[in-house]
Amino acid sequence: MGRINELADGYVDEWARLNPTGATFVGIGGYDDQLGDLSPDGFAAQAELTRRTLTALNATEPDSEAERTAKEAMQERLGLELARYDAGETTSELNVIASGLHELRQVFDLMPTEGAEAVGNIAARLGQFAGALDAYKTTLRTAAKAGHVSPRAQIVEVAKQCDIWTDPDGDDFFHSLVERLPADPALAAELRRGAAAATAATAQFGHFLRDELAPLGRAKQAAGRERYELASQYFLGARVDLAETYAWGFEELARLEAEMRAVAAEIAGPGASIDAAVAALDADPARRIQGKEAFRDWMQALADKAIGELHGTHFDIPEQVRRIECCLAPTSDGGIYYTGPSEDFSRPGRMWWAVPQGITEFSTWREVTTVFHEGVPGHHLQVAQTQVRADLLNRWQRLLCWTSGHGEGWALYSERLMDELGYLADPGDKLGMLDGQALRAARVIVDIGMHLELEIPRDNPFGFHPGQRWTPELGWEFMRAHCRVPDENLRFELNRYLGWPGQAPSYKIGERIWLQAREDAKARKGADFDLKEFHRAALDLGSLGLDPLRAALARI
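In terms of the working numbering, the sequence shown is residues 75 to 630.
Next up, the structure:
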């Protein structure tokens, strides 16, 4: 093993000891009975590990081309992680989708539940939950005293999530969790005590957010240029011209909506509006499924079909990756997401859907493209295949490296690829893909615009408030005009953008860079370019920032 790979593997071992919940997320065994240290000292210990590793990396020469790519990827990721910690971003981050609270809650979704040891691990973590939240409060207080605090509106929204998770008439997450677990009487009693304590701690954390942290929160949700540039680079793994990207977002959304109008005419007749086509699709009984379990089964069948047909033709899919589980999440916020397999593949890659309360009927035309995004050739192929490549990638590359622009960009690129391969020939399924693409393009405009408080172009193709400066209110108006998403879901979307600057545009910007990389490879290879080989070579690099990706692809 080369010296870079030794450093990387050693980093993973130390990281897992410091971050047991993270170890569960990435599938490293041995830590499922621990929650870790979310105090300021815990965050500082992780930062010190990153700093030491980065110093050692900078002083070590790679032994091969593969190690050169690994070194560049680690330098880019670890350097940005340190920059975020030093800027106070890591310890103050609290929004509706990403925080220490969310990590503590979500880790239970991925824990094994079969056998006394597995159930005992859940009981152990429930028993530590209140202490972990107390430590996290100390971190948030300390960060706030240093001038680093989330926007007040985000803090209040997370407090509302605490209410939902602890509401007996809502998700009632912890009690619902333990009721499903097989356990003897003594362990069952311990589980009930742990669930009650975790529920009380979560409710109290909500009070802390409202009563103590929210009054300290920033009134303005806009990140400002300095914070936004760091956030954008972190989520993309690349520096982009934000002004050019903002202008491109308008062009891309206009292009997509023109294509949507053309497809709408195929569905509902010449001159039909997009909304008329959507109404026709929603009214089509052949495209409706009753019941969330039946919808999960439909997703599973489509995911399995895609794997079966793509393997051996457009991709060579390793045997371990030919299994994906479609699951119903234990919460109800409406999100659809992917979680990767464990390191030994005993836990498969999973596609989750958090069905909103009261929703019992589902339209398939919107979600065909979602299955390709989350499954194959999207996240599942990318993430799970990376874990198989132990002969090519070190453990850090396989387990810990994740760049949103690379991963979400690939998944969005995969949706477009499936259209190119003929899997979205049905006009309804094609409109579903384009509608999702339009949402991602609108994100580019609104996220950059709101956080930099930019002027809306006077010549924008939609005639939308020309010359005014973006505000959250204008962001809401724009998203409602261009995105066919229920208001409740759209409100969550907008809150996510405001609280997590730079992440939402990473999908569309990442796809743009993936497409550019493909065109660059075509130009280099000429008649020798092979699409299947390009995908194999690119995915075999593992996850990495988009700037290191372009550099590595240029050397292939």
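For each residue, glycine too, the CB sits at the ideal point set by N, CA and C. Given the structure is predicted, the values throughout are model-derived calculations rather than measurements.
Query raised in the report: Is residue 290 closer than 7 Å to residue 218 when the C-beta atoms are compared?
Result: yes
Query raised in the report: With respect to the alpha helix (DSSP H) encompassing residue 290, which residues constitute its N-terminal and C-terminal limits?
Result: It is not in any alpha helix (DSSP H) - residue 290 carries neither H nor E in the DSSP assignment.
Query raised in the report: Can we say the stretch 471-481 touches the stretch 529-546, given the rule of at least three CB pairs closer than 8 Å?
Result: no
Query - Where the beta strand (DSSP E) containing residue 425 begins and where it ends - result: 423-427
Query raised in the report: Taking C-alpha atoms, which residue in 499, 252, 110, 367 lies nearest to residue 91?
Result: 110
Query raised in the report: Are three or more beta carbon pairs between the stretch 172-184 and the stretch 91-109 nearer than 8 Å?
Result: yes
Query raised in the report: Mind checking whether residue 282 and residue 211 have CB atoms under 7 Å apart?
Result: yes
**Report entry** Sequence-distant residues of the same chain with beta carbon closer than 6 Å to residue 453, five excluded per side
**Finding:** 412, 485
Query raised in the report: Can you give the Cα-Cα distance for residue 251 and residue 402, rounded to whole angstroms?
Result: So the alpha carbons of these two residues sit roughly 13 Å apart.
Query - Residue closest to residue 84, alpha-carbon to alpha-carbon, out of 597, 425, 468 - result: 468
Query raised in the report: Thinking just about the alpha-carbon of each residue, which of 387, 476, 541, 457 is nearest to the one in residue 606?
Result: 387
Requested in this report: Could you give the DSSP three-state label for residue 385: helix, strand or coil?
Outcome: strand
Requested in this report: Give me the Cβ distance between residue 308 and residue 576, rounded to the nearest whole Å; I'm assuming they're in contact under 8 Å.
Outcome: Yes, they are in contact, since the Cβ atoms of residue 308 and residue 576 sit about 7 Å apart, within 8 Å.
**Report entry** Top-ranked residue by Cα proximity to residue 139, from 609, 466, 581
**Finding:** The candidate whose alpha carbon is nearest that of residue 139 is 466.
Query raised in the report: Hey, how far is the Cα of residue 627 from the Cα of residue 602?
Result: 15 Å
**Report entry** residue 213 beta carbon less than 7 Å from that of residue 113
**Finding:** Contact: yes.
Query raised in the report: Counting along the chain, where does the beta strand (DSSP E) carrying residue 401 start and finish?
Result: 398-402
Requested in this report: Confirm the yes/no value for this check: CB of residue 366, any heavy atom of the ligand MN, distance under 6 Å.
Outcome: Questions concerning the ligand MN fall outside what the structure shown contains, since it holds no ligand whatsoever.
Query raised in the report: Do the stretch 501-513 and the stretch 439-453 touch if we need at least three Cβ pairs shorter than 8 Å?
Result: yes
Report task. Starting from residue 102, follow the alpha helix (DSSP H) in both directions and report where the run begins and ends. Result -> Following the DSSP letters along the chain, one finds residue 102 in no alpha helix (DSSP H), marked with neither H nor E.
**Report entry** residue 276 in three-state terms, based on DSSP
**Finding:** helix
Query raised in the report: In whole angstroms, what is the alpha-carbon distance linking residue 533 and residue 327?
Result: 14 Å
Report task. Using the Cα positions of residue 77 and residue 591, report the straight-line distance between them to the nearest angstrom. Result -> Linking residue 77 to residue 591 through their CA atoms gives a straight-line distance of about 29 Å.
Query raised in the report: What did DSSP end up calling residue 436 once you bin it into helix, strand or coil?
Result: strand
Query raised in the report: Where do the ends of the beta strand (DSSP E) carrying residue 196 lie?
Result: Taken as a continuous stretch (DSSP letters only), residue 196 belongs to no beta strand (DSSP E), being part of the alpha helix (DSSP H) at 190-219.
Report task. Would you mind sorting residue 458 into buried or exposed? The rule is 16 or more other CB atoms within 10 Å of its CB. Result -> Residue 458 should be labelled buried.
Report task. Would you mind giving the Cβ-Cβ distance between residue 572 and residue 225, rounded to the nearest angstrom? I have them listed as a contact below 8 Å. Result -> About 7 Å separates the Cβ atoms of residue 572 and residue 225, confirming a contact at the 8 Å cut-off.
Query raised in the report: Between residue 93 and the rest of its own chain, which residues show a CB-CB distance below 6 Å, the 5 nearest in sequence each way excluded?
Result: Closer than 6 Å at Cβ, skipping near neighbours: 110.
Report task. Taking residue 161 and residue 82 to be in contact with their CB atoms under 8 Å, please state how far apart those CB atoms are, rounded to whole angstroms. Result -> Contact flag wrong, Cβ pair sits at about 25 Å.
Report task. Would you mind working out which of 178, 488, 559 sits nearest residue 581, comparing C-alpha positions? Result -> 488
Query raised in the report: What first and last residue would you give for the beta strand (DSSP E) that runs through residue 362?
Result: 362-364
Query raised in the report: Can you round the beta-carbon distance between residue 471 and residue 190 to whole angstroms, since I take them to be within the 8 Å contact cut?
Result: That pair is no contact at about 35 Å.
Query raised in the report: Any idea what DSSP makes of residue 171, helix, strand or coil?
Result: If DSSP states are grouped into helix, strand and coil, residue 171 belongs with coil.
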